[in-house]
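Asker: Numbering (full-length UniProt numbering), first residue to last: 1 to 545.
Glycine included, every Cβ here is placed at the ideal spot set by N, Cα and C.
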Amino acid sequence: MKCLPRILNLISPAISATAVRLIHTTLPPEPEIIASICGSLRKGSNFPTLTKKFTNLNLNKNTQIIPKILLQLKQPHDANWALKFFHWAAHDFQIQHSPFDYCITIHILAHAKLVKDAQALLESVLSKVSSGKMVLDLLFDSYEISESTPFVFDLFLQCCAKLKMIDDAVSACEMLDKKGFNLSVISYNSLINVVLKSEKSGLVWRVYEGMIRRRVCPNEFTMRVMVSGLCKEGRLGKFLDVVERIHGKKCLAGVVVNTCLVYGMIDEGRVEDGLGILKWLLQRNLILDSVSYGLVVFARVKIGDLAAALEVYEEMIRRGFSANVFVHTLFIGAYCEEGKVDEAIELFNEIEYVGMKPYDETFNHLILGCARAGRLEDSLRFCDSMIDAGLVSSCVAFNELVKMLCANGGTKRADDILTYLLDKGFVPNEKTYSRLIAGYQKERNLQGVLKLYYEMEYKLLPPSSSVFASVIAAVCHSGDLKEAEKYFKTMKDKSIVPCSFIYEDLINAHIKKGNKARGDQLYHELLNIGHNPSIETHLCDVAKS
Numbered sequence: 001m002k003c004l005p006r007i008l009n010l011i012s013p014a015i016s017a018t019a020v021r022l023i024h025t026t027l028p029p030e031p032e033i034i035a036s037i038c039g040s041l042r043k044g045s046n047f048p049t050l051t052k053k054f055t056n057l058n059l060n061k062n063t064q065i066i067p068k069i070l071l072q073l074k075q076p077h078d079a080n081w082a083l084k085f086f087h088w089a090a091h092d093f094q095i096q097h098s099p100f101d102y103c104i105t106i107h108i109l110a111h112a113k114l115v116k117d118a119q120a121l122l123e124s125v126l127s128k129v130s131s132g133k134m135v136l137d138l139l140f141d142s143y144e145i146s147e148s149t150p151f152v153f154d155l156f157l158q159c160c161a162k163l164k165m166i167d168d169a170v171s172a173c174e175m176l177d178k179k180g181f182n183l184s185v186i187s188y189n190s191l192i193n194v195v196l197k198s199e200k201s202g203l204v205w206r207v208y209e210g211m212i213r214r215r216v217c218p219n220e221f222t223m224r225v226m227v228s229g230l231c232k233e234g235r236l237g238k239f240l241d242v243v244e245r246i247h248g249k250k251c252l253a254g255v256v257v258n259t260c261l262v263y264g265m266i267d268e269g270r271v272e273d274g275l276g277i278l279k280w281l282l283q284r285n286l287i288l289d290s291v292s293y294g295l296v297v298f299a300r301v302k303i304g305d306l307a308a309a310l311e312v313y314e315e316m317i318r319r320g321f322s323a324n325v326f327v328h329t330l331f332i333g334a335y336c337e338e339g340k341v342d343e344a345i346e347l348f349n350e351i352e353y354v355g356m357k358p359y360d361e362t363f364n365h366l367i368l369g370c371a372r373a374g375r376l377e378d379s380l381r382f383c384d385s386m387i388d389a390g391l392v393s394s395c396v397a398f399n400e401l402v403k404m405l406c407a408n409g410g411t412k413r414a415d416d417i418l419t420y421l422l423d424k425g426f427v428p429n430e431k432t433y434s435r436l437i438a439g440y441q442k443e444r445n446l447q448g449v450l451k452l453y454y455e456m457e458y459k460l461l462p463p464s465s466s467v468f469a470s471v472i473a474a475v476c477h478s479g480d481l482k483e484a485e486k487y488f489k490t491m492k493d494k495s496i497v498p499c500s501f502i503y504e505d506l507i508n509a510h511i512k513k514g515n516k517a518r519g520d521q522l523y524h525e526l527l528n529i530g531h532n533p534s535i536e537t538h539l540c541d542v543a544k545s
């Protein structure tokens with residue numbers, strides 16, 4: 001106890017010294033630090049001066065203060081100091097700024113129209129996080145507290161386009177649309193141009209539609225890029241023709257592009273959306289009155305409202321617009337769809353009478369409609385007229401004609417027409433050959449069957465089960481079972497499951513030849529794969545044996 005005063009005397013000076021040091025190193029309140037740093041920046045202090053003055057701040061351990069300092073410098077006249085602070089913190093304190101710090105700084109720079117600096121930071125943060133959505137969300141979160149401007153989103157989109165972050169940019173357009181932010185035509189042009197040059201060029205119409213939906217008027221550059229898009233897709237010729245058929249003469253590129261947009265939306269079944277955009281385009285003189293009438297008729301026909309389509313057509317005539325082959329073809333197609341072939345033929349005769357020039361779609365509707373109505377001669381007549389006009393039938397229309405011809409013993413004529421069309425660039429499909437081969441098989445023309453089968457192989461068209469059924473049936477009927485088994489094996493090698501008719505033809509042929517063992521083998525194979533046979537009486541004998 002006697003030593004206690006002496007120990008206390010030794011400890012007291014040490015405590016006092018420590019207390020003094022703590023007093024000198026304790027940081028001032030946060031508002032004072034923020035005010036001091038902002039004041040030093042506004043006085044133009046350089047990096048060394050700032051670092052010396054605030055060396056005890058340890059910004060790298062006190063990063064939560066960074067956005068608070070930036071927000072004190074959010075006014076346009078302080079934007080340069082905000083950028084200086086951002087770089088000083090990163091340079092002298094080795095701070096890896098958070099994406100949120102980046103976004104606040106970008107807002108400040110965009111508001112002050114320091115475009116190059118804002119773009120540089122945007123490109124940097126987009127490259128760092130590799131997620132446009134994350135950056136966009138943070139820009140939304142920090143938009144109001146930064147007292148920013150919508151221009152920042154134009155810069156964001158342009159940077160995404162520059163960095164080829166196409167999916168992020170397209171999604172951003174749609175998100176900004178939902179939140180009510182309008183982008184400039186320059187931003188849309190940047191994105192459209194990049195999308196068109198990418199492997200995702202099909203998205204260009206989605207972007208252009210969004211642009212028009214937000215009532216952003218395209219300019220000459222937009223139209224030049226969109227025309228390039230039509231060329232790349234191989235659709236420019238089609239829509240030049242559509243506009244000329246409606247209007248009677250060639251039109252400006254913008255009319256062609258906007259016709260393509262609205263036509264595509266209606267054709268996809270988005271009729272009301274398409275008509276809404278058409279109305280705005282018409283108000284802005286971005287599409288012609290005559291063309292808009294044609295598109296409205298198309299829309300009414302598309303939804304199956306023929307009466308409304310006729311009302312629009314009559315209004316078009318009353319307003320002094322001429323009847324045109326595009327609208328007449330729409331009505332011909334609608335009549336054929338409803339089985340009103342006589343009305344369709346009457347309209348076609350009217351087209352020819354007034355000197356309008358029918359086109360491929362006009363003939364295709366009539367070939368298809370007449371064939372489906374069982375009017376084979378009329379279908380053939382329109383097919384011949386189409387050939388005389390130097391046009392090539394669609395696959396759907398020709399296949400329906402082939403079906404009718406083959407059902408009426410005219411397989412050879414159908415084959416001859418196919419030969420002629422092939423020279424004109426017609427591209428048949430598997431159904432074309434399947435129907436012709438079935439027709440020849442029905443007529444017991446083995447040579448015709450095999451000729452078309454090998455023609456399919458030459459064209460690399462994979463034969464279906466129905467093709468093999470016709471080929472094997474024809475070969476079995478000729479009695480060449482070895483050849484029939486060869487096609488049967490080929491079919492299995494191609495992993496095509498034989499139908500019950502193929503098994504039945506082979507079984508019956510083997511039974512007739514006296515080869516009951518093979519017939520029995522095929523019969524049980526037929527049962528094993530789950531088919532229900534419907535075979536002639538002698539097949540039952542095989543089952544019993």
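How is P428 classed by DSSP in three states: helix, strand or coil?
Answerer: By one-based count along the sequence shown, residue 428 stands at place 428. Reduced to three states, the DSSP call for P428 is coil.
Asker: Excluding the five sequence neighbours on either side, which residues of its own chain have a C-beta within less than 6 Å of the C-beta of L138, listed in chain order?
Answerer: Residue mapping note: residue 138 aligns to position 138 of the sequence shown, counting from 1. So the list reads P99, F100, C103, once near-sequence residues are dropped.
Asker: If you draw a straight line from the C-alpha of M265 to the C-alpha of A299, how long is it?
Answerer: Walking along the sequence shown from the start, residue 265 turns up at place 265. Walking along the sequence shown from the start, residue 299 turns up at place 299. Going from the Cα of M265 to the Cα of A299 covers about 10 Å.
Asker: Given that a residue counts as buried once 16 or more other Cβ atoms are within 10 Å of its Cβ, and exposed if not, what is S460?
Answerer: Here residue 460 refers to the residue found at position 460 of the sequence shown. The amino acid occupying residue 460 in the given sequence is Leu; Ser does not appear at that position. Burial call: exposed.
Asker: Grab me the residues of M175's own chain with a C-beta within less than 7 Å of its C-beta, minus the 5 sequence neighbours each way, in chain order.
Answerer: One-based indexing of the sequence shown puts residue 175 at position 175. Closer than 7 Å at Cβ, skipping near neighbours: L136.
Asker: Where does D384 fall in DSSP's three states?
Answerer: As a position in the sequence shown, residue 384 is number 384, starting the count at 1. Correct three-state label for D384: helix.
Asker: Using alpha carbons as the reference points, say which of S393, N408, A438 lies closest to K424.
Answerer: Locating residue 424 in the sequence shown gives position 424, where the first residue counts as 1. Answer by Cα proximity: S393.
Asker: Please say whether I303 and H328 have beta carbons closer to each other than 9 Å?
Answerer: Taking the first residue of the sequence shown as position 1, residue 328 is located at position 328. Taking the first residue of the sequence shown as position 1, residue 303 is located at position 303. No; because the gap between Cβ atoms is not below 9 Å, this pair is not in contact.
Asker: Say whether the segment 181 to 192 touches the segment 103 to 115, bearing in mind that this needs 3 or more beta-carbon pairs closer than 8 Å, one atom from each stretch.
Answerer: Result no; under three Cβ-Cβ pairs closer than 8 Å.
Asker: Kindly confirm or deny that the segment 357 to 369 and the segment 337 to 344 touch, where touching means at least three C-beta pairs closer than 8 Å.
Answerer: Enough Cβ pairs lie closer than 8 Å, so yes.
Asker: Kindly confirm or deny that the segment 124 to 136 and the segment 79 to 92 touch, where touching means at least three C-beta pairs closer than 8 Å.
Answerer: In short, these stretches do not touch, since the Cβ pair count stays below three.
Asker: Give the straight-line distance between the Cα atoms of R21 and S142, rounded to the nearest whole angstrom.
Answerer: The residue labelled residue 21 in the question sits at position 21 within the sequence shown. The residue labelled residue 142 in the question sits at position 142 within the sequence shown. Unreliable placement is indicated for R21, whose pLDDT of 38 sits below 50; the coordinate value is still reported in the next sentence. So the alpha carbons of these two residues sit roughly 40 Å apart.
Asker: In its own chain, which residues sit with a C-beta less than 8 Å from the C-beta of L71, not counting the 5 before and 5 after it?
Answerer: Sequence index remark: in the sequence shown, residue 71 carries index 71 (1-based). If we look at L71 and ignore the five residues flanking it on each side, its Cβ neighbours are I104, I145, S146.
Asker: So E443 and T411 are in contact, right, with Cβ under 8 Å, and what is the actual spacing, rounded?
Answerer: Along the sequence shown, read from residue 1 onward, the residue named residue 443 stands at position 443. Along the sequence shown, read from residue 1 onward, the residue named residue 411 stands at position 411. 6 Å between Cβ atoms; contact.
Asker: Within the same chain, show all residues whose beta-carbon is closer than 7 Å to that of T149, passing over the 5 residues directly before and after it, in chain order.
Answerer: Taking the sequence shown and counting its residues from 1, the one referred to as residue 149 is at position 149. Closer than 7 Å at Cβ, skipping near neighbours: A110, H111.
Asker: Determine the DSSP secondary structure at Q96, reduced to helix, strand or coil.
Answerer: Within the sequence shown, numbered from 1, the residue matching residue 96 stands at position 96. Q96 falls in the coil class under three-state DSSP.
Asker: Use the C-beta contact count for E361: other C-beta atoms within 10 angstroms, 16 or more gives buried, fewer gives exposed.
Answerer: Counting from one through the sequence shown, the residue named residue 361 turns up at place 361. It is buried - the Cβ of E361 has at least 16 other Cβ atoms within 10 Å.
Asker: Please state if the CB of D177 and the CB of R214 are separated by a distance shorter than 9 Å.
Answerer: For the purposes of this step, residue 214 is identified with residue 214 of the sequence shown, where counting begins at 1. For the purposes of this step, residue 177 is identified with residue 177 of the sequence shown, where counting begins at 1. Yes.
Asker: Measuring straight from C-alpha to C-alpha, what distance separates S228 and L522?
Answerer: Locating residue 228 in the sequence shown gives position 228, where the first residue counts as 1. Locating residue 522 in the sequence shown gives position 522, where the first residue counts as 1. Roughly 59 Å between the two C-alpha positions.
Asker: Is it true that the CB of F348 sits closer than 9 Å to the CB of V301?
Answerer: Taking the sequence shown and counting its residues from 1, one reaches residue 301 at position 301. Taking the sequence shown and counting its residues from 1, one reaches residue 348 at position 348. Result no, Cβ atoms of V301 and F348 do not sit closer than 9 Å.
Asker: Measuring only the C-alpha atoms, how far is V225 from R235?
Answerer: Residue numbering aside, residue 225 sits at position 225 when the sequence shown is read from its first letter. Residue numbering aside, residue 235 sits at position 235 when the sequence shown is read from its first letter. Roughly 14 Å between the two C-alpha positions.
Asker: As a quick exercise: from D505, I65, C395, G274, pick the residue whose alpha carbon is nearest that of G210.
Answerer: For the purposes of this step, residue 210 is identified with residue 210 of the sequence shown, where counting begins at 1. Per the Cα distances, G274.
Asker: Within a Cβ cutoff of 8 Å, which residues of the same chain sit near Q96, ignoring the five residues on either side of it in sequence?
Answerer: Taking the sequence shown and counting its residues from 1, one reaches residue 96 at position 96. Answer for Q96: A90, listed in chain order.
Asker: Expressed to the nearest angstrom, what Euclidean distance is found between the alpha-carbon atoms of D416 and V354?
Answerer: Residue numbering aside, residue 416 sits at position 416 when the sequence shown is read from its first letter. Residue numbering aside, residue 354 sits at position 354 when the sequence shown is read from its first letter. So the alpha carbons of these two residues sit roughly 33 Å apart.
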